[in-house]
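Here the structure is laid out as structure tokens; the discussion comes afterwards.
In my numbering, the protein residues as written are 68 to 151.
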């Protein structure tokens, strides 16, 4: 029983670490999208592509926020399991 709980705790901790990696990579992608958006805004007829880049940036921000929230929930779950 204790070993099973520890296995679940380990799984949740791995999930939290993976979520951290996803959020970090999404943050890098967001910075690249923001740079592309700035460049596209200076190009004649680049407005439509800049708008798509802005939407991609918004989607990435949502992904980062959700991933960070799930990561926090995973950490809290691991703490609760340790206390069980």
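We put the beta carbon where it would ideally sit given N, CA and C, even for glycine.
Bear in mind the structure is a predicted one, so any value in this text is a computation, not a measurement.
Spatially closest choice to residue i from the options, by CA coordinates
{"i": "residue 99", "options": "115, 127, 86, 84", "result": "127"}
{"i": "residue 96", "options": "113, 69, 75, 129", "result": "129"}
Straight-line gap, residue i to residue j (C-alpha atoms, nearest Å)
{"i": "residue 134", "j": "residue 150", "result": "25 angstroms"}
{"i": "residue 76", "j": "residue 148", "result": "7 angstroms"}
{"i": "residue 72", "j": "residue 136", "result": "23 angstroms"}
Helix, strand or coil at residue i according to DSSP, with G and I counted as helix
{"i": "residue 131", "result": "helix"}
{"i": "residue 113", "result": "coil"}
Exposure label - residue i; buried when at least 16 CB within 10 Å
{"i": "residue 125", "result": "exposed"}
{"i": "residue 115", "result": "exposed"}
{"i": "residue 122", "result": "exposed"}
{"i": "residue 79", "result": "buried"}
{"i": "residue 102", "result": "exposed"}
Whole-Å CB distance - residue i paired with residue j, under 8 angstroms assumed
{"i": "residue 74", "j": "residue 138", "result": "Incorrect: roughly 20 angstroms between the Cβ atoms, too far for contact."}
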